[in-house]
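Those protein sequence lines, which keep their order, are chains A and B.
In short: position in the first sequence from 1, add 66, done, that's my numbering.
In short: position in the second sequence from 1, add 66, done, that's my numbering.
Heads up, the beta-carbon is just placed ideally off N, CA and C, and yes, glycines get one too.
First up is the structure itself, then whatever we jot down about it.
There are 2 protein chains.
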Amino acid sequence: MTTFELSIDALRARRNSKWNRYGSDVIPAWVAEMDFSVAAPIQAAVQQTVDQMDYGYPLRNGNRADIAVNNAFAARMKERFDWEVDPDNVLALADLVQGTFAPIRVFSEPGDGVVLQVPAYPPFREAIIDNGRRLIEFPMVDDGTRYQLDIAALERLIDPTTRILVLCNPQNPTGRVFERDELLEFGRVAIERDLIIISDEIHSDLVFDGRKHIPIASLSPEIAARTVTITSPTKSFNIPGLRCAVVYFGTAALRDRFFKSFPRRMVGAPNIIGIDATVAAWTQGQPWLDEVLAHLGKVRDRVASRLRKELPEINFHIPEATYMAWLDCSKLGFNVTAADFFLQNAKLAFSPGETFDPASRQFIRFNFATSTAIADEILDRMVEAVKRARS
Amino acid sequence: MTTFELSIDALRARRNSKWNRYGSDVIPAWVAEMDFSVAAPIQAAVQQTVDQMDYGYPLRNGNRADIAVNNAFAARMKERFDWEVDPDNVLALADLVQGTFAPIRVFSEPGDGVVLQVPAYPPFREAIIDNGRRLIEFPMVDDGTRYQLDIAALERLIDPTTRILVLCNPQNPTGRVFERDELLEFGRVAIERDLIIISDEIHSDLVFDGRKHIPIASLSPEIAARTVTITSPTKSFNIPGLRCAVVYFGTAALRDRFFKSFPRRMVGAPNIIGIDATVAAWTQGQPWLDEVLAHLGKVRDRVASRLRKELPEINFHIPEATYMAWLDCSKLGFNVTAADFFLQNAKLAFSPGETFDPASRQFIRFNFATSTAIADEILDRMVEAVKRARS
């Protein structure tokens, strides 16, 4: 067992959503958080502030505390992706979802079209619809080996009122890590059609098999000038409840255009625990993350090999990134949604496919960021439930 | 010494803005936080979440965690002010400033007039100006005994493009607690001229001498229907860095009007540490607050009596609420601003009057939420500096 895996008892003692939304006989494998303890430097940073009850208006290194986040983001982008970013163009806020709503609001008008890859993280659909924009679905295409961006289809979807392309890279829930050529093509379309790109790169730390994440804004100044990159340590360092995320404007001009219509203080100030945790994660968390990633890779492979062998009717591609497997259960012939089948018959809570794409009722998203023991129990229950349903 | 007062060494060890913006020879008495440890139930609630590293998507009592804030707010308003509020009409967010920006955005259009009492908390000026609204200054009138609302003047200030009245009650920085008749008159104007009231009531817990805070929205259904009340435990329970505040819409119709143009997720989700601290403060923090308030009352009286005796040229009214004294130093004849005089000559950092009102360059706001020992040192330094300047 690794140092970060937790027992089911420790997990059930938590008061989080993952382990408490369903009954105590259900094993949760839904919402995107990991069943792990956090990196020691994060815990130490949080504990220091708590020990001092240092809950006043925060300063770090002589500056407003959120500037420490901006600087940590810039240093990390340089180190991990050789991407030079200007800390002055970062906006730290509470969460990535907020970081989607606000740019959609600023860079489009009511009724304008916003393109979203589907399947998609559900709040991105809301960010478009709740803001009164027109959702243009851009389906990922399964070519039999993996999900692809169909650039020709994208070009056909864009009309004169389209303003924004939402990109999710690595893609949640399909686990794709887009390659340079795909991203360049995507960027070319944005340039040719004069569109803003909102690029969710929150899974960029969770990439397997030696693949490389490429921030789309790092590809060229022309792409950067129209790209809003959003990311956060919350997924890869397992701290979503602490609420800290960043919005990065590819140029000062883009940033200024944003702030001209959306004052900075409208988004609220990030809290000091989230700030301290974020800075610790980004500056000292990598050794922990390397270990976690090695573990996640092993669990991913274990899930893949058992499913291929014991439930070969489930169609899926091994995720290139993220701790999510996007499983097509259509061939199992359930007469309820796939998520409902496993909840009712296996006491397993997966994320329902239809929340990512209304057409994907026979899909589930399986969050495998857990201990090997719990992953095995989940797989046992899946296999048993399908077997029982057939007999 | 009380259980919550802290030594100057413990305070200087903190990394907050208050104790670190100026040199280590300066005693800070500016930004609105207290030099105290927090209530034990707050610390226990924070520590529980930290011990469990329960940083995932949070749930409390089987619901989204921010609903626990809404319920704690409703219970507290009933208990403290006999005010019935509907938890469904509460929006929990990061901070009060954000809670000002967003309603100004929703309930007025660019160029519309927004009335603000002056002197005023500086971010309220920004909330009006940064949103492209027209700032209409509504001066508090010093009648020789205290600062008053001049309702006749208010009525003259309102024009056909005025949409919003910002009320701060208890008022920061003058320390006034408005009485029922004053609030009813203010509300009458809002009704007659069809205006929205944004009522900052963050200091409502910090009221002295047996006075009673009255939430303006509690006065009548007609006032409630046009009132957005904003508050937070951050001032009275000393947790501004943890970031949690509430916006309360007086009716479901007002709430729906807000959310129709400003989706809930645009404001971001509050963080779990701030939520746990807020719920602990509002449900278990009152015994601590009662002790703190008794201490603050004593320090206030000590400040007032020494200033009256030793610096009688300083004009001020004893604050009815808040831990701020609004001191008019005009008669001392400084040839720099009053804040600069004390910073340069007494190594004291007060909030500069001109940030609350450009005309108040000879005012300072003195934050006296500190130990008796530190308050005495501040008073000694003030008296000495004035004496030296005269000799």
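Contact note: P329/B reaches chain A through F167, D196 and N197, using a C-beta cutoff of 7 Å and chain order. Judged by DSSP secondary structure, N433/A falls within the beta strand (DSSP E) whose first and last residues are F429 to N433. The CB of M119/A comes closer than 7 Å to the CB of S103, V104 and Q109 in chain B, given here in chain order. Using a Cβ-Cβ distance cut-off of 8 Å, the segment 316 to 334 of chain A and the segment 152 to 172 of chain A are in contact, since at least three pairs of beta carbons, one from each stretch, lie closer than that value.
Around the beta carbon of E145/A, fewer than 16 other beta carbons lie within 10 angstroms, which makes this residue exposed. Just so you know, the alpha carbons of V112/B and F303/B end up roughly 14 Å apart.
When C-beta distances to chain B are compared with 7 Å, the residues of the segment 290 to 307 of chain A below that value are N304, I305, P306 and G307, in chain order. DSSP links W392/A through a beta bridge to R431/A.
Remark: fewer than three beta-carbon pairs, one from each stretch, lie closer than 8 Å, so the segment 71 to 83 of chain A and the segment 422 to 432 of chain A are not flagged as touching. When the five nearest sequence neighbours on each side are left out, the beta carbons in the same chain lying within less than 6 Å of the beta carbon of I217/B are those of E251, in order along the chain. When the five nearest sequence neighbours on each side are left out, no beta carbon in the same chain lies closer than 7 Å to the beta carbon of D208/A.
When rounded, the separation of the alpha-carbon atoms in K278/A and V243/A is 8 Å. Take the alpha-carbon of P205/A and the one of L220/A: they are about 9 Å apart. Between A405/B and F422/B, the beta carbon gap of about 11 Å keeps them out of contact (Cβ cut-off 8 Å). With respect to chain A, the C-beta atom of E420/B has no partner C-beta closer than 8 Å. Per DSSP, I444/A is one residue of the alpha helix (DSSP H) stretching across T438 to R456. Per DSSP, the continuous alpha helix (DSSP H) segment holding D322/A begins and ends at A318 to S327. Beta-bridge annotation (DSSP): N381/B is paired with D394/B. Just so you know, the alpha carbons of P378/A and G89/A end up roughly 29 Å apart. Taking a beta-carbon distance threshold of 8 Å, D161/A counts as an interface residue toward chain B. Among the residues facing chain B, E267/A is not included, as its CB has no counterpart in that chain under 8 Å away.
Residue pairing for P205/B: DSSP places it in a beta bridge opposite V184/B. Ranking R191/A, A98/A and T240/A by CA distance to the CA of L215/A puts T240/A first. The criterion of a C-beta distance shorter than 8 Å is not satisfied by G179/A and P306/B. In the DSSP assignment, P239/A falls outside any beta strand (DSSP E), carrying neither H nor E. With its beta carbon less than 8 Å from one in chain A, M332/B belongs to the interface.
CA-to-CA, the gap between W392/B and R431/B works out to about 5 Å.
Under DSSP, no beta-bridge partner is assigned to T69/B. Restricting attention to L308/A, Y314/A, P236/A and I338/A, the CA atom closest to the CA of I338/B is found in L308/A. Just measuring C-alpha positions, the residue of V312/A, V358/A, V449/A and I341/A sitting nearest M143/A is V312/A.
Within the model, the alpha-carbon separation for Y187/A versus A387/A is close to 15 Å. If you check each beta-carbon in the segment 79 to 92 of chain A against every beta-carbon of chain B, the ones closer than 7 Å belong to A79, R80, R81, N82, S83, K84, N86 and R87. The beta carbons of V369/B and F434/B sit closer together than 8 Å.
Y314/B and R374/A have their C-alpha atoms some 53 Å from each other. With contacts defined as CB atoms closer than 8 Å, P189/B and R212/A fail to qualify as a contacting pair. Apart from the 5 residues on each side of it in sequence, W85/A sits with its Cβ closer than 7 Å to the Cβ of L77, R78 and P94 in its chain, given in chain order.
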